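Going down the list, the protein sequences come from chains A and B.
Basically the working numbering = 1-based index in the first sequence + 1.
Basically the working numbering = 1-based index in the second sequence + 11.
Reviewing the structure listed below.
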Amino acid sequence: MKKIALAALTIFALLAVTISACGTPAPPPTPTSPPAAAPTPVAEATPIPEPVIGTTYKIGFAPAVTGGGSFLGVPERNVAEIIQASLDEAGGVTGPDGVIHEVELIVGDTESNPDVAASLARRYIDEDEVVALVMGSLTPISLAISAVAMEAEVPYVSMASAGVIVKNPDTGEVYHWVFKSPQGNLEVAQWQVERLTAMGAEKVCYMYENTGYGKDCFNNSSAQLTAAGFENVFEGSFERTDSEFPQVPGIEAAGCDVVIIGAIPPGAANAHVAIRTALPELPIMHGHGVCVADFITVGGEPMEGAEMPCSAVIIAEDVPADDPQKEVFMGFKSAYEEYTGEPVSTFGGHGWDALYWVVEALETLPEGLSLAEQRSAIRDYIETNIVDWPGTAGIFTLSPEDHAGLDYTSFTWFIVEDQKFVPFPQEDW
Amino acid sequence: MQRYLGTKSAKMALTVAAAILLVAIIALLGYRNNYGPKAFAQWTMDGIRGGSIYALVGLGFVIIHSVTGVINFAQGEFVMLGAMLCASIFELDLPLPPAVKLVVAIVASVIIVTLVGILLERGAIYPARGAGVVTLIIITIGATIAIRATALIIWGTRAKIVPAFTNLHQNDLIFRPFGLTLGAQSLWIWGTVALVLCALLYFFERTIMGKALRACAVNRRAAELMGINPSRMSLLSFAMAAALGAIGGVVFGPVIRPQYDMGLVFGLKGFVAAIMAGMVSPLGAVLGGLITGVAENVGAGVTGLYGYKDLIAFVILILVLLLRPQGLIGGEERGVEQS
């Protein structure tokens with residue numbers, strides 16, 4: 002038996018190391034429907050006798066298609082395919098001098114692994130000579146890529162939400178080459194503070210998933226809530242694949258007025274169902290990671306009454322016509338749903354915004370710039386010209402001090418009613 | 012002193028003292044954090060629910076190991092396959108009333124997973140039957156990764172939904188005895204495990220096939236001399252283990268939204284249960300699974316270290332392997348001669 006024990010222990014250790022080191026090997030299925038015509042094609046060049054074709058612009062694009070971040074990465078990859086198809090159809094972008102440049106999106110997979118992401122970024126920069134990077138669905142991955150981008154002086158737009166990606170939390174210094182397109186957890190926390198004040202809650206229980214996103218949610222929310230005078234009486238983490246929730250009796254014993262969950266589906270839905278089943282009266286709030294139809298379908302009936310801040314793109318048809326984001330919403334939603342046959346994903350929207358910043362910047366580049374000059378010009382464009390820019394996540398205004406460009410008003414507060422996301426305006430709180 | 016500690020009664024005394032200390036610590040923590048008996052009861056109940064599935068997985072480990080000497084790390088994947096297949100088949104558009112469709116889905120998924128188990132044995136284990144045990148174990152680890160990758164390709168990363176058996180609805184019927192939360196699916200799980208145990212007992216005690224399996228487990232060479240075909244017994248053990256895993260997955264499916272990578276955790280914790288049984292005792296595997304489930308749930312709940320829930324199961328594993336590698340329950344007599 003001792004031999005078996007030794008063998009088992011060895012195997013066990015090997016298994017643990019293997020699992021932690023490797024991501025999942027195979028990529029998930031890609032949507033089979035062919036790309037349909039996409040919105041906002043690039044403007045036609047003014048008619049000239051023979052179109053001059055300039056250098057091809059390459060953008061390095063790598064979401065987390067496999068691994069723990071695939072829930073965000075797969076919609077982002079779909080968006081890249083949609084935009085590549087529309088760029089190909091338009092023949093590329095046209096510079097101010099009339100020269101047409103093809104745009105090639107080099108699509109990779111970070112496997113939700115920061116090391117893979119960093120080496121992928123290196124390869125894009127050195128071998129593929131990209132003009133910009135749009136990568137990183139999750140925060141730890143984005144931090145790894147950001148280090149590479151800063152050192153190589155390449156503009157990098159992250160699709161992850163944490164504020165620390167663009168700004169050093171200790172010194173407040175903004176990273177020169179790094180931008181991000183999603184709303185941050187700080188903005189989510191600010192909305193939560195407003196809602197809790199209106200609710201008259203005093204004690205808060207916090208549940209978060211054991212990932213970079215969940216911990217960032219928790220850090221931001223607890224900081225904002227404590228500063229606003231609420232008391233955090235319970236904090237519990239959980240894994241995406243958890244089936245038992247021993248935190249629930251703890252929440253009951255802590256006696257809080259509201260539970261805030263910082264996670265993405267299906268973990269967020271599982272936790273919500275567990276808490277709601279045991280404590281039917283306790284209000285439950287979420288972050289902006291759950292703004293997808295999947296969240297409600299996976300959870301089912303107990304999801305009624307869940308509240309969360311989301312971008313209004315999920316109800317694009319109901320947005321009033323005079324809203325500056327309406328056109329972007331409708332364009333993105335219809336393109337996405339037509340290409341994939343699935344409901345729109347706000348995570349895909351982060352990829353949409355990021356890529357269109359870069360594409361818009363490319364349209365201003367004259368032919369004949371060196372690679373370093375191109376990269377620098379794109380960076381400058383994004384920093385100065387993305388002002389009052391309607392995107393899927395909000396209306397962006399970037400500046401040298403703010404590389405994220407959104408505040409918490411870019412969100413709309415939603416509540417789940419009749420198994421749908423319904424806007425819950427402040428007047429009705 | 013050494014001789015004193017080595018005696019059986021001294022070991023017994025130490026074990027009892029350790030148990031009392033553990034209970035005292037738990038009680039103290041519970042008192043400090045204001046957890047009443049209701050919380051402990053809830054944790055224990057949920058722990059028994061999860062532990063039942065670990066028990067089924069552990070049973071699979073024990074059956075395969077006692078007959079072939081192989082530790083089949085793909086056990087957990089059978090659970091995942093059972094749950095995912097059941098969900099997928101139930102989602103198909105068949106012209107049947109939902110209850111019948113569910114029964115069809117369950118039966119079909121158990122059969123398919125059994126076939127996968129047979130395929131694993133014939134395709135990967137049987138050709139390598141001359142190799143050492145460690146080689147075969149590594150082959151099963153390779154199988155785990157392959158099955159999980161295939162599941163990712165087939166189903167993607169989205170979670171599936173298995174309807175609760177009671178109301179055939181996504182959300183289960185909830186009972187509230189004494190203020191606790193008891194899902195109706197938990198009753199199904201316990202009933203299924205009890206039924207499976209009875210069936211296994213009958214199989215091993217009363218049928219020729221079962222007795223042949225036991226003979227193979229006790230002494231393979233002697234069984235061979237008696238006319239029992241060991242390779243057929245190996246096939247049968249894998250098929251049974253796969254079926255057990257699939258049943259566990261199917262009945263646990265409504266409790267958790269199955270995902271392609273849920274198998275790993277079940278496999279490892281079922282392994283803990285099997286180790287506690289010394290890898291030979293089916294009853295030990297069931298008790299080990301239940302103990303693991305309760306220990307990790309109560310441990311995580313009372314200490315507040317929710318992120319370390321899995322750690323508790325593995326601490327138990329390491330302690331058992333270090334202190335009593337022949338298993339806690341029913342492993343004392345290890346009269347096996349593996350060929």
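Every residue, glycine too, gets a C-beta built ideally from N, C-alpha and C.
Keep in mind that this is a model prediction, so the values were computed, not measured.
Sufficient close CB pairs (3 or more, under 8 Å) joining the region 275–287 of chain B to the region 22–40 of chain B: no
Among Gly-369/A, Ile-107/A, Glu-210/A and Met-331/A, the one whose alpha carbon lies nearest that of Ile-265/A: Position 264 of the first sequence, counted from the first residue, corresponds to residue 265/A. Of Gly-369/A, Ile-107/A, Glu-210/A and Met-331/A, the residue nearest in Cα terms is Glu-210/A.
Other residues of its chain near Val-90/B: CB distance less than 7 Å, five sequence neighbours each side excluded: Residue 90/B sits at position 79 when you count from the first residue of the second sequence. Once the five neighbours on either side are set aside, the close Cβ partners of Val-90/B are Ile-64, Val-68, Gly-256, Gly-259, Gly-260, Gly-274 and Phe-277.
Status (buried if at least 16 other CB within 10 Å, exposed otherwise) for Glu-216/B: Here the question's residue 216/B lines up with position 205 in the second sequence. That one is exposed.
DSSP bridge partner residues for Asp-440/A (one or two, in chain order): A question about residue 440/A goes unanswered here, because the residues of chain A that appear run from 2 up to 430.
Where Glu-307/B falls: helix, strand or coil (DSSP): Counted from its first residue, the second sequence places residue 307/B at position 296. Helix.
Phe-425/A versus Thr-413/A - alpha carbon distance: Taking the first sequence and counting its residues from 1, the one referred to as residue 425/A is at position 424. Taking the first sequence and counting its residues from 1, the one referred to as residue 413/A is at position 412. Cα-Cα distance, rounded: 8 Å.
Test: Glu-232/A CB closer than 8 Å to a CB of chain B: Within the first sequence, the letter at position 231 stands for residue 232/A. Cβ-Cβ to chain B under 8 Å: no for Glu-232/A.
Contact under 8 Å by Cβ, His-273/A with Met-309/A: Within the first sequence, residue 273/A is the residue found at index 272, counting from 1. Within the first sequence, residue 309/A is the residue found at index 308, counting from 1. Contact flag unset, no.
Any C-beta of chain B under 8 Å from that of Ala-279/A: For the purposes of this step, residue 279/A is taken as the residue at position 278 of the first sequence. Taking Cβ atoms only, chain B reaches closer than 8 Å to Ala-279/A, which makes this a yes.
Contacting positions in the region 280–299 of chain A - beta carbon closer than 8 Å to chain B: Asp-295, Thr-298 and Val-299
Proximity below 8 Å, CB of Gly-55/A to CB of Val-66/A: Taking the first residue of the first sequence as position 1, residue 55/A is located at position 54. Taking the first residue of the first sequence as position 1, residue 66/A is located at position 65. No, the Cβ-Cβ distance between Gly-55/A and Val-66/A is not below 8 Å.
Option nearest Tyr-340/A by Cα separation, candidates Lys-4/A, Ile-83/A and Pro-52/A: Here residue 340/A refers to the residue found at position 339 of the first sequence. The residue with the shortest Cα to Cα distance from Tyr-340/A is Ile-83/A.
Cα-Cα separation between Leu-328/B and Met-287/B, rounded to whole angstroms: Here residue 328/B is taken as the residue at index 317 of the second sequence, counted from 1. Here residue 287/B is taken as the residue at index 276 of the second sequence, counted from 1. So the two alpha carbons sit approximately 8 Å from each other.
Distance, Gln-248/A Cα to Ala-294/A Cα: Taking the first residue of the first sequence as 1, we reach residue 294/A at position 293. Taking the first residue of the first sequence as 1, we reach residue 248/A at position 247. Those two C-alpha atoms are separated by around 26 Å.
Residues of the region 377–410 of chain A whose Cβ lies closer than 8 Å to any Cβ of chain B, in chain order: none
Where Ala-254/A meets chain B, residues with beta-carbon distance less than 8 Å: For the purposes of this step, residue 254/A is taken as residue 253 along the first sequence, with counting starting at 1. By Cβ distance, chain B contributes Asn-44, Asn-45, Tyr-46, Gly-47 and Ala-50.
CB-CB length for Leu-92/B against Val-124/B, believed under 8 Å: As a first step, residue 92/B must be located in the second sequence, where it is residue number 81. As a first step, residue 124/B must be located in the second sequence, where it is residue number 113. With a Cβ gap of about 5 Å, Leu-92/B and Val-124/B count as contacting.
Classification of Thr-212/A by the beta-carbon crowding that lies within 10 angstroms, buried from 16 upward: Within the first sequence, residue 212/A is the residue found at index 211, counting from 1. Per the 10 Å Cβ criterion, buried.
DSSP three-state assignment for Phe-84/B, whether helix, strand or coil: Counted from its first residue, the second sequence places residue 84/B at position 73. The answer is coil: DSSP assigns Phe-84/B none of H, G, I, E or B.
Amino acids of chain A, ordered along the chain, whose beta-carbon sits closer than 7 Å to that of Met-290/B: Taking the second sequence and counting its residues from 1, the one referred to as residue 290/B is at position 279. Residues of chain A passing the Cβ test: Ile-5.
Candidates Ser-377/A, Gly-306/A and Ala-199/A: closest to Gln-427/A by CA position: Looking up residue 427/A in the first sequence gives position 426. Of Ser-377/A, Gly-306/A and Ala-199/A, the residue nearest in Cα terms is Ala-199/A.
Straight-line Cα distance separating Gly-58/B from Ala-306/B: One-based indexing of the second sequence puts residue 306/B at position 295. One-based indexing of the second sequence puts residue 58/B at position 47. Those two C-alpha atoms are separated by around 7 Å.
Cβ-Cβ distance between Val-121/B and Ser-245/B below 8 Å: Residue numbering aside, residue 121/B sits at position 110 when the second sequence is read from its first letter. Residue numbering aside, residue 245/B sits at position 234 when the second sequence is read from its first letter. No, the Cβ-Cβ distance between Val-121/B and Ser-245/B is not below 8 Å.
Paired residues, beta bridge with Ser-400/A - DSSP: Here residue 400/A refers to the residue found at position 399 of the first sequence. Answer is Asp-403/A.
Test item: CB-CB of Gly-352/A and Met-151/A under 8 Å: For this step, residue 352/A is matched to residue 351 along the first sequence. For this step, residue 151/A is matched to residue 150 along the first sequence. No, Cβ-Cβ distance for Gly-352/A and Met-151/A is not below 8 Å.
Cα-Cα separation between Glu-190/A and Tyr-42/B, rounded to whole angstroms: The residue you call residue 190/A lines up with position 189 of the first sequence. The residue you call residue 42/B lines up with position 31 of the second sequence. Per the sequence presented here, residue 190/A reads as Ala, with Glu not at that position. Roughly 33 Å separates the two Cα atoms.
Counted within 10 angstroms of its Cβ, other Cβ atoms place Tyr-214/A as buried (16 or more) or exposed: In the first sequence, residue 214/A corresponds to position 213, counting from 1. With 16 or more other Cβ atoms within 10 Å, it is buried.
Rounded straight-line distance, which links the Cα of Ala-285/B to that of Ile-82/B: Locating residue 82/B in the second sequence gives position 71, where the first residue counts as 1. Locating residue 285/B in the second sequence gives position 274, where the first residue counts as 1. Taking the straight line joining both Cα atoms gives about 10 Å.
Identity of the residue in Leu-130/B, Ala-142/B and Gln-196/B nearest Ala-157/B by Cα: Position 146 of the second sequence, counted from the first residue, corresponds to residue 157/B. Ranking the options by Cα distance to Ala-157/B, first place goes to Leu-130/B.
Per-residue burial, Gly-304/B [other beta carbons within 10 Å of its own, 16 or more giving buried]: Working through the second sequence from its first residue, we reach residue 304/B at position 293. The residue is buried, with at least 16 neighbouring Cβ atoms inside 10 Å.
Whole-number beta carbon distance between Ala-119/A and Ala-145/A, since they are thought to touch under 8 Å: Position 144 of the first sequence, counting from 1, holds the residue named residue 145/A. Position 118 of the first sequence, counting from 1, holds the residue named residue 119/A. Right, the Cβ-Cβ distance comes to about 4 Å (below 8 Å), so this counts as a contact.
Test: Leu-193/B CB closer than 8 Å to a CB of chain A: As a first step, residue 193/B is located in the second sequence; it is residue number 182 there, counting from the start. No, no contact with chain A.
For Asn-233/A, the three-state DSSP class (helix, strand or coil): Counting from one through the first sequence, the residue named residue 233/A turns up at place 232. Note: Asn-233/A maps to strand in three-state DSSP.
According to DSSP, residues forming a beta bridge with Tyr-207/A: Position 206 of the first sequence, counting from 1, holds the residue named residue 207/A. Its beta-bridge partners are Glu-236/A and Ile-261/A.
Sub-8 Å separation of Lys-168/A and Val-175/A beta-carbons: Translated into positions along the first sequence, residue 168/A becomes position 167. Translated into positions along the first sequence, residue 175/A becomes position 174. Yes.
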